[in-house]
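Residue numbering for the sequence shown follows the working numbering, starting at 5 and increasing by one per position.
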Amino acid sequence: MVDYPSRLSLACAPTPFHCLDRLSARLDGPRIWIKRDDLTGCVSSGNKVRKLEFILAQAVTSGCDTLITAGGTQSNHCRAVAILGAQLGLKVHLLLRSDVDADPVGNLFIDLLSGATINHYTAEEYSNLESLFAHWSSHYLDLGATPWVIPVGGSNAAGMWGYIAAAEELKHDFQAANINPGIIIHATGSGGTQAGLIAGVKLHNLDLCVHGYAVCDNATYFDDKIRTDLATWKHEYSVDIDVDLLPVITNDKYLGPGYGRAGPEVFDTIKMLAAEEGVILDPVYSGKAFYGMLEEIKSGQYAHEKDIVFLHTGGIFGLLAQQQQLQF
């Protein structure tokens, strides 16, 4: 029995879990099951909501009235914070990275609609993010407010609990479907979902390997980042497991042109899955990971598996910001 810290009820969970039957049959490989965390909400959809249930519980308990966080212009995390902050009656201030004037589309449109305060910074300015967090925290303290800083992607020890809980949900999904998949695949960007799943698989005794497909940085970066996150989580919550023994597996072969950008093969994958299974991916996270998974299946990488699971982490608003890349 896992002893969870306090959380808020923000996600529409449990999320659906089903097999992509037509695609699986066409590929003649393992059956592909999908965990629909793109359906954790409407405008607050995606994997970030699970993390924020625990992060925002801390913030509210502390008496916070102002949330400060950061990300790219089309950050799913920032959009989720903006919407959930509005739902909780909290002011939200977003620090967004952009080297060009950003059009008010996709996630940024939702940020603006929700009333978030937004500052845009160049990549060079954004590289001093900790100083920016400190500056704005001091600013709000001087105004008599109580700010709470949320790291990029909600990737901290508290946020990890979101996917520890999701692992428990997956355990019930597997029992209901009468399957024993050996691998779960997902897109990894800030590493928090990956770290949470790795810990959750261990805590809930799942015989399952977590494969993160990188959308930025390389496998060495993720190994360092996730092991640091696991060690911090173990220390903060006094968890009695040896996190040094937990495997961190990251596939960095499908980064494409870089973070937030995708090649035509990813957009073709997005169109294919939408038409074949009615599931919408995005070009920043899930589209890249799904494309990479399909390539690995075709190469025989997962030939020994009967069932594999793809965790859909959301991102549809990011797709809407790049719809001009889709050719019909």
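Heads up, the beta-carbon is just placed ideally off N, CA and C, and yes, glycines get one too.
{"Asked": "First through last residue of the beta strand (DSSP E) which encompasses residue 311", "Found": "311–316"}
{"Asked": "For residue 210, the nearest candidate out of 250, 194, 71 and 238 (CA to CA)", "Found": "250"}
{"Asked": "Closer than 8 Å: residue 321 CB and nearest the ligand NAD heavy atom", "Found": "Looking for the ligand NAD in the displayed structure turns up nothing, as the structure carries no ligands at all."}
{"Asked": "Cβ pair residue 170, residue 39 closer than 9 Å", "Found": "yes"}
{"Asked": "Assumed close pair residue 266, residue 291 - CB separation to whole angstroms, cut-off 8 Å", "Found": "6 Å"}
{"Asked": "Buried/exposed call for residue 57, threshold 16 Cβ in 10 Å", "Found": "buried"}
{"Asked": "Sequence ranges, beta strand (DSSP E) only - wholly within the region 125–161, length at least 3", "Found": "151–153"}
{"Asked": "Terminal residues of the alpha helix (DSSP H) in which residue 81 lies", "Found": "80–92"}
{"Asked": "Strand pairing of residue 75, partner residues [DSSP]", "Found": "100"}
{"Asked": "Bridge partner(s) assigned by DSSP for residue 216", "Found": "190 and 254"}
{"Asked": "Span of the alpha helix (DSSP H) around residue 271", "Found": "268–281"}
{"Asked": "Three-state secondary structure assigned by DSSP to residue 35", "Found": "strand"}
{"Asked": "Cβ pair residue 74, residue 94 closer than 9 Å", "Found": "no"}
{"Asked": "Euclidean distance between Cα positions of residue 177 and residue 21", "Found": "7 Å"}
{"Asked": "Integer-rounded CB distance, given that residue 216 should sit under 8 Å from residue 274", "Found": "Wrong, their Cβ atoms sit about 20 Å apart, outside the cutoff."}
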